[in-house]
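Novice:
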Amino acid sequence: MEFSAQVSTFLLIAATGILLGVLFDTYRVLRGVFRPPWLITSVADLLYWLVAAGIAFLALILGNWGELRFYVFIAMISGVAVYYRLASRYVVKLIMALLKLLASSWRSAKRVVVFTIVKPVRFVVRTSLLPFRYMGRRYSAWCKKRFPPPPPPEEIPPQ
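In terms of this note's numbering, the sequence shown opens at residue 45 and continues consecutively.
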């Protein structure tokens, strides 16, 4: 294998290590925000490692036709190490900011739906039910007047 091919493979595998670091930080932040139970955490851990293995395998296939050489391991480890040393802190802050932006956008969209759909529909339903509520109260009062409740048992004379 030529030196230029080895350098390009090294850079591709190092970039794959950086990508895996970004994915792991994303997963770590999401797990910290949502705090899932242990079973879901275990399943998500398994899914992360399956995805990471798939990405690493794909990078190896694309980079050097799947040949595992020592510099491939060095490249992957150095890519992850460089990412965690230089960029992890900023990526975590970016992910947190994006999650906050997404949450506030969700709250705003929910408010828009409530004020444009739910509240008008509730107003129309309540307004249309007003005559029925009025008639129900009148009927209830008429029934109480027409059919009074029986007196308590101690007031009934013995027969």
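Cβ atoms here follow ideal geometry from the backbone N, Cα and C, with glycine treated the same way.
In whole angstroms, what is the alpha-carbon distance linking Phe176 and Val135?
Specialist: Taking the sequence shown and counting its residues from 1, one reaches residue 176 at position 132. Taking the sequence shown and counting its residues from 1, one reaches residue 135 at position 91. For Phe176 and Val135, the distance between alpha carbons rounds to 59 Å.
Novice: Helix, strand or coil: which one does DSSP assign to Trp109?
Specialist: Indexing the sequence shown from 1 puts residue 109 at position 65. Residue state, collapsed to three classes: coil.
Novice: Thinking Ile57 and Ala103 are a contact (beta carbons under 8 Å), I'd like their distance in whole angstroms, please.
Specialist: For the purposes of this step, residue 57 is taken as the residue at position 13 of the sequence shown. For the purposes of this step, residue 103 is taken as the residue at position 59 of the sequence shown. The Cβ separation is near 6 Å, so the contact holds.
Novice: At 4 residues or longer, what runs of the alpha helix (DSSP H) sit wholly inside the stretch 102-158?
Specialist: List check, alpha helix (DSSP H) in window: 114-130, 132-157.
Novice: Tell me which same chain residues have a C-beta within less than 7 Å of the C-beta of Arg166, skipping the five on either side of it?
Specialist: Along the sequence shown, read from residue 1 onward, the residue named residue 166 stands at position 122. Taken in chain order, the list of residues that qualify is empty.
Novice: Could you check whether the stretch 72-83 touches the stretch 133-148, counting it as contact only if at least three pairs of C-beta atoms, one from each stretch, sit closer than 8 Å?
Specialist: Contact between the stretch 72-83 and the stretch 133-148 is present, because at least three Cβ pairs lie under 8 Å.
Novice: DSSP on Glu198, reduced to helix/strand/coil?
Specialist: Looking up residue 198 in the sequence shown gives position 154. It is helical.
Novice: Taking Phe96 and Leu55 to be in contact with their CB atoms under 8 Å, please state how far apart those CB atoms are, rounded to whole angstroms.
Specialist: In the sequence shown, residue 96 corresponds to position 52, counting from 1. In the sequence shown, residue 55 corresponds to position 11, counting from 1. In the sequence as displayed, the identity of residue 96 is Ala instead of Phe. So it is not a contact: roughly 19 Å between Cβ atoms.
Novice: Measuring straight from C-alpha to C-alpha, what distance separates Lys159 and Ala100?
Specialist: Residue numbering aside, residue 159 sits at position 115 when the sequence shown is read from its first letter. Residue numbering aside, residue 100 sits at position 56 when the sequence shown is read from its first letter. Residue 159 is actually Phe in this sequence, not Lys. Distance between the alpha carbons of Phe159 and Ala100: 48 Å.
Novice: Just how far apart, CA to CA, sit Tyr92 and Asp69?
Specialist: Sequence index remark: in the sequence shown, residue 92 carries index 48 (1-based). Sequence index remark: in the sequence shown, residue 69 carries index 25 (1-based). Taking the straight line joining both Cα atoms gives about 11 Å.
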